[in-house]
Structure formats: structure tokens, C-alpha cells
Amino acid sequence: MFRDNYTHLTSTGLSIYGLSGDSPKANTTFKTRQNLPYPLMCDPKATLIAAIGFKKSPKGTTRGIFAVDKKGKVLLRAAGGPDATVDAVQKIVANAPSVEDSKEEGDETA
1 MFRDNYTHLT
11 STGLSIYGLS
21 GDSPKANTTF
31 KTRQNLPYPL
41 MCDPKATLIA
51 AIGFKKSPKG
61 TTRGIFAVDK
71 KGKVLLRAAG
81 GPDATVDAVQ
91 KIVANAPSVE
101 DSKEEGDETA
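Numbering-wise (our numbering), the sequence shown opens with residue 1 and increments by one.
Rendered as C-alpha cells:
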């Protein structure tokens, strides 16, 4: 789960957010009960959820992962449960250039 891999993934420069169609109160309760170290964003009208392709019809949300780099390039969009999505992100992290490699290439955003 992202909670269990949070320290490792964020040490690579990755930021993690959760997105839910639930209310802010429900998300706060869930975050507390699950001891989540990352913020949960609320999208009760499912506007963003629909835009990234995870809205179920007529109602609900498909669990999945949506990863975007700092330049706005979509790196990954895939449905899946916690273990599969963490595995997918770990592959992105493993294949990403290191901060030092990016600096050598003149990328000042690294």
C-alpha cells in the first residue's frame, strides 16, 4: 500500500495524493483510521475522477493510479488495487533518472 511505501516513494521526489468522491469529513475519518501520511483530495461531483477516466457509471469510482511528471506528462493511468498500483509506481521510480542524472542533463526542475 502507498501508506506502507510512503517514505521510500517520497524520498525519490514523488508526491502522493489520494482522490475520492467522498466528503471532506468522510475523507478525514478514513485518513485518520487508516493512518495515511498523504493528503486526500475530495471530488464529490467526480469532475476530476471523470476527467482521468475513473468514474463508474452511473455512480462510483474505479480504484486506480494516475501518475503525472513535473512537466505534466502522464506517466501512468491504470485501474487496480493497492498492491498493483504501488508495484506500478515502484517501476516508474526504478526507471526514472536520478536527480543527479537530471542535473547533468541541465534540467533545473529536478
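Glycine residues also receive a C-beta, built at the ideal position from the N, C-alpha and C atoms. Since the structure is predicted, the reported quantities are computational estimates derived from the model, not experimental observations.
Local conformation of residue i per DSSP, three classes
i	result
residue 54	coil
residue 20	strand
residue 61	strand
residue 14	coil
residue 40	strand
residue 45	coil
Pair within 8 Å by beta-carbon distance, residue i and residue j
i	j	result
residue 9	residue 93	yes
residue 65	residue 78	yes
residue 86	residue 2	yes
Endpoints, beta strand (DSSP E) assigned at residue i
i	result
residue 78	74 to 79
residue 67	64 to 68
Close beta carbons around residue i, own chain, < 6 Å, minus the five adjacent residues each side
i	result
residue 61	21, 49, 54
residue 6	37
Extent of the continuous alpha helix (DSSP H) to which residue i belongs
i	result
residue 71	Residue 71 -> no alpha helix (DSSP H), and no H or E assigned at all.
residue 95	82 to 95
Nonlocal neighbours in the same chain, by C-beta distance under 7 Å from residue i, ignoring five residues either side
i	result
residue 31	40
residue 198	Residue 198 lies beyond the stretch modelled for the chain, which goes from 1 to 110, so this question has no answer here.
Segment contact flag, the stretch 38 to 51 with the stretch 13 to 21, C-beta cutoff 8 Å, min 3 pairs: yes
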